[in-house]
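Asks: Going by my numbering, the sequence shown opens with residue 289, and the numbers climb by one from there.
For glycine and all other residues, C-beta sits at the position ideal for the given N, C-alpha and C.
Supplied in structure tokens, the structure appears directly below.
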Amino acid sequence: MNLPETIKHKIREYLIVFARRLGERKKQGPVIRNTKSIASKEIKIPSLVSFIITAIIVYIMCIMDMGFNSSAFVAAFIFVSVMAVFLITQLRERETETLKDSDAVVLMCILLITGILLLQIAKEYASPFIFPVSAFAIIAAMLLSVRIGVLYALMMSLFAGMLSEMRFDVFFVMFCSGCAVIINIEKIRKRSDFVSSGFKSAATSMLIVSMFYFLDAYSLHEYLKILFYCVLNFSAAVVIILTLMPLFEKLFSRVTNIKLIELSDFNNPLLKRLMVKAPGTYHHSLMTATIAESAADAIGTNSLLARVGAYYHDIGKLKNPEYFIENQSGAENPHDPLTPAMSSLILISHIKDGAAMAKKYNLDREIIDCIEQHHGTTSIHFFYHKALEANPDASPDSFRYPGPKPQSKVAAIVMVADSCEAAVRALEEPTPIRIQETVGKIINNKFTDGQFSDCPITLKDLQNIRKSIISSLISVYHARIEYKDDANGSL
Ligand SMILES: [Fe+2]
Ligand SMILES: [Fe+2]
């Protein structure tokens, strides 16, 4: 068959991208399940039960489509079995975390059933080309994982081809349009980006349909009709994503990167209040966020969550900003008239106040974790030693944060980035050597204090975090020294 060179190239491109996607690890860390959202109770249906129920429903749907005869019964049984085995094998090998999450499995099954149902409606009343496989592939990729998004696009395209009397063109157009949006999934940063994704998907469909037209698969009339369906497909994709995505986000308690990006908007009322009422804390949070983001990247965990978690980690200081050193202008220290025990109580209270504020503003569980865990059960040395001077029997427990210790790698990164940023900012002359020593000491102390005992962080991770934080802090603070030296020299 003599295909034009551009079309051959396009097909080759799609196959390469598909193969790459299927073998690709999730770059931005796992999608997070927010355990305290409106659907606060995890759906406790064993994954196998969900799969069996879904397989039975899909089988019945196929039979209804193919006709009630013995050949259809057998053909549908073979097809559904092959699909089920293919899906479960892929998930067991590469998506073990998703398989353990019953919410995620139920979501996946609902997406499959809804997709097949809509496909059948589209096919019955117009054409399978209207069915927006790209919309469902995006939802699966964003709420579950990129790999599941690709698997979904593949499976739905196979279903579409099979249920349309084994039409290869239907399968191929759908699969390519699904992959076209998944290629750019990392670029989706706001909800309006879905429109351009829908556009790309429709354009890809039109291109592939044109390929089939030039291969004499359609008459001109059919060709124009299918092109019109592709335009309808674009509209349907945008509507489905914009309605189903927020619904599933809430119903299945999943925090997507889009949600995190929305939280990182500086117009968010909490961040705005922090900027006005506690400018020192605000600046410290921005610096901590930059450091934490790079450190999270260095160990391959969710850097966006680390950044957003750091933005909000100290919002509890909004209640008494003047009691925290970064907000003191130097005139008078409000801790002077207080006992060390009282001072430490005020400092410790920023954890509880922050968590309460975060809940009031509906922040997600993962962000609240960063707030509650960023000091772990560390001790407030300064006030403890001050208390010891007055009373040698002072209990160290009264000067410790209540915890919990970091439970995730991201929470551990926020903890370390927070301490390192504050310590290096307090250095009189933050030379590279001093920054290196300070960061190394902080990480060692937290490690020997057992602060990382509840999270799955490894020594290799800590080593990479240390290197990343040192490099971030040197690039910020050392540049400032050089600038100061230059400025002094010129005066
Ligand atoms: Fe703090
Ligand atoms: Fe902090």
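For glutamine 378, report the span of its alpha helix (DSSP H) as first-last.
Replies: For this step, residue 378 is matched to residue 90 along the sequence shown. Unbroken alpha helix (DSSP H) run through glutamine 378: 358-382.
Asks: Does DSSP classify arginine 688 as helix, strand or coil?
Replies: By 1-based counting over the sequence shown, the position of residue 688 is 400. Arginine 688 falls in the strand class under three-state DSSP.
Asks: Quick one: Cα of methionine 533 to Cα of isoleucine 427, how far?
Replies: Taking the first residue of the sequence shown as position 1, residue 533 is located at position 245. Taking the first residue of the sequence shown as position 1, residue 427 is located at position 139. One C-alpha to the other measures close to 6 Å.
Asks: Per DSSP, what kind of secondary structure is serine 741 in: helix, strand or coil?
Replies: Indexing the sequence shown from 1 puts residue 741 at position 453. Coil, per DSSP.
Asks: Cα-Cα, which of Val362, Val370, Asp353 and Val393 is closest to glutamate 412?
Replies: Here residue 412 is taken as the residue at index 124 of the sequence shown, counted from 1. For glutamate 412, the nearest C-alpha among the options comes from Asp353.
Asks: Any residues whose CB sits closer than 5 Å to a heavy atom of ligand 2? List them in chain order?
Replies: In chain order, the qualifying residues are Asp602 and Asp706.
Asks: Helix, strand or coil for arginine 653 per DSSP?
Replies: Locating residue 653 in the sequence shown gives position 365, where the first residue counts as 1. Correct three-state label for arginine 653: helix.
Asks: Residues in its own chain within less than 7 Å of phenylalanine 671 by CB, not counting five upstream and five downstream?
Replies: In the sequence shown, counting from the first residue as 1, residue 671 sits at position 383. Cβ neighbours of phenylalanine 671 beyond the five flanking positions: Pro628, Ser631, Ser632 and Phe687.
Asks: In or out: threonine 342 buried (at least 16 other Cβ within 10 Å) or exposed?
Replies: Residue numbering aside, residue 342 sits at position 54 when the sequence shown is read from its first letter. Result: buried.
Asks: With H, G and I counted as helix, E and B as strand and the rest as coil, what does DSSP make of serine 415?
Replies: As a working note, residue 415 is residue 127 in the sequence shown. Of the three classes helix, strand and coil, the one that applies to serine 415 here is coil, per DSSP.
Asks: Give me whichever residues DSSP pairs with serine 667 in a beta bridge.
Replies: For the purposes of this step, residue 667 is identified with residue 379 of the sequence shown, where counting begins at 1. Bridge partners of serine 667: Arg688.
Asks: Run through the region 422-503 for me and flag every whole alpha helix (DSSP H) of 4 or more residues, listed as ranges in chain order.
Replies: Segments of the alpha helix (DSSP H) lying fully in the region 422-503: 434-451, 456-470 and 481-502.
Asks: Give me, in chain order, the residues of the same chain whose beta-carbon lies closer than 6 Å to that of tyrosine 517; leave out the 5 immediate sequence neighbours on both sides.
Replies: Taking the first residue of the sequence shown as 1, we reach residue 517 at position 229. Cβ within range, chain order: Ser415, Phe417 and Ile418.
Asks: Looking only at C-alpha atoms, which of Lys648, Asn521, Pro625 and Val337 sits nearest to proline 557?
Replies: Numbered from 1 along the sequence shown, position 269 holds the residue referred to as residue 557. The residue with the shortest Cα to Cα distance from proline 557 is Lys648.
Asks: Would you mind sorting tyrosine 765 into buried or exposed? The rule is 16 or more other CB atoms within 10 Å of its CB.
Replies: For the purposes of this step, residue 765 is taken as residue 477 along the sequence shown, with counting starting at 1. Classification of tyrosine 765: buried, given that the 10 Å Cβ count is 16 or more.
Asks: Under 7 Å between the Cβ atoms of alanine 598 and threonine 576?
Replies: For the purposes of this step, residue 598 is identified with residue 310 of the sequence shown, where counting begins at 1. For the purposes of this step, residue 576 is identified with residue 288 of the sequence shown, where counting begins at 1. In this structure, threonine 576 lies closer than 7 Å to alanine 598 by Cβ.
Asks: If I'm right that asparagine 752 touches alanine 524 with Cβ under 8 Å, what's the distance once you round it to whole angstroms?
Replies: Here residue 752 is taken as the residue at index 464 of the sequence shown, counted from 1. Here residue 524 is taken as the residue at index 236 of the sequence shown, counted from 1. Wrong, their Cβ atoms sit about 45 Å apart, outside the cutoff.
Asks: Assuming alanine 425 and isoleucine 470 form a contact by the criterion Cβ under 8 Å, report the distance between their Cβ atoms to the nearest whole angstrom.
Replies: Against the sequence shown, residue 425 aligns to sequence position 137. Against the sequence shown, residue 470 aligns to sequence position 182. About 6 Å; that satisfies the 8 Å criterion.
Asks: Would you check if the region 694-711 and the region 646-661 touch, i.e. whether three or more CB-CB distances between them fall below 8 Å?
Replies: The region 646-661 vs the region 694-711: in contact.
Asks: In or out: arginine 380 buried (at least 16 other Cβ within 10 Å) or exposed?
Replies: Walking along the sequence shown from the start, residue 380 turns up at place 92. It counts as exposed.
Asks: Using the Cα positions of isoleucine 326 and serine 573, report the straight-line distance between them to the nearest angstrom.
Replies: By one-based count along the sequence shown, residue 326 stands at place 38. By one-based count along the sequence shown, residue 573 stands at place 285. In this prediction, isoleucine 326 has a pLDDT of 41, which is less than 50 and means its spatial position is unreliable; nothing more can be read from the coordinates.
Asks: Would leucine 375 be called buried (16 or more neighbouring beta carbons within 10 Å of its own) or exposed?
Replies: For the purposes of this step, residue 375 is taken as the residue at position 87 of the sequence shown. Under this definition leucine 375 is a buried residue.
Asks: Could you check what DSSP says for asparagine 521 in three-state terms: helix, strand or coil?
Replies: Taking the sequence shown and counting its residues from 1, one reaches residue 521 at position 233. Helix.
Asks: Are at least three pairs of beta-carbons, each pair with one atom in the region 534-544 and one in the region 660-678, less than 8 Å apart?
Replies: Verdict: no, contact absent.
Asks: Between the Cα of valine 596 and those of Val527, Val421 and Ala580, spot the shortest distance and give me the residue it belongs to.
Replies: For this step, residue 596 is matched to residue 308 along the sequence shown. When each option's Cα is compared against that of valine 596, the closest is Ala580.
Asks: So for glutamate 716, helix, strand or coil by DSSP?
Replies: Position 428 of the sequence shown, counted from the start, is the residue given in the question as residue 716. Note: glutamate 716 maps to coil in three-state DSSP.
Asks: Would you mind working out which of Ala360, Asn555, Asp602 and Ser335 sits nearest tyrosine 347, comparing C-alpha positions?
Replies: Your numbering for residue 347 matches position 59 in the sequence shown. Comparing Cα positions, the closest option is Ala360.
Asks: Would phenylalanine 502 be called buried (16 or more neighbouring beta carbons within 10 Å of its own) or exposed?
Replies: The residue labelled residue 502 in the question sits at position 214 within the sequence shown. Its Cβ having fewer than 16 others within 10 Å, phenylalanine 502 is exposed.
Asks: Is asparagine 555 buried or exposed, if buried means 16 or more other CB atoms sit within 10 Å of its CB?
Replies: Mapped onto the sequence shown, residue 555 falls at position 267. By the neighbour-count rule (16 or more Cβ atoms within 10 Å), asparagine 555 is not buried but exposed.
Asks: Using a Cβ-Cβ cut-off of 7 Å (strictly less than) and excluding sequence neighbours within five positions of methionine 450, which residues of its own chain qualify?
Replies: Residue 450 sits at position 162 when you count from the first residue of the sequence shown. Hits under 7 Å: Phe367.
Asks: Suppose the cutoff is 6 Å on Cβ atoms and the five residues either side in sequence are ignored; what does the same chain contact list for tyrosine 239 look like?
Replies: In the structure as shown, the chain starts at 289 and stops at 779, and residue 239 therefore has no counterpart that could be examined.
Asks: Using the C-alpha atoms, what's the distance from phenylalanine 740 back to leucine 336?
Replies: Translated into positions along the sequence shown, residue 336 becomes position 48. Translated into positions along the sequence shown, residue 740 becomes position 452. Rounded to the nearest angstrom, the two C-alpha atoms are 34 Å apart.
Asks: Measure the C-alpha to C-alpha separation of phenylalanine 536 and lysine 640 and round it to an integer number of angstroms.
Replies: Indexing the sequence shown from 1 puts residue 536 at position 248. Indexing the sequence shown from 1 puts residue 640 at position 352. Distance between the alpha carbons of phenylalanine 536 and lysine 640: 30 Å.
Asks: Can you tell me the Cα-Cα spacing of methionine 454 and isoleucine 404, whole angstroms?
Replies: Numbered from its first residue, the sequence shown carries residue 454 at position 166. Numbered from its first residue, the sequence shown carries residue 404 at position 116. Taking the straight line from one Cα to the other gives about 15 Å.
Asks: Give me the residue from Val727, Asn733 and Tyr506 with the minimum Cα distance to isoleucine 758.
Replies: Against the sequence shown, residue 758 aligns to sequence position 470. Selected option, being the one with the closest Cα: Val727.
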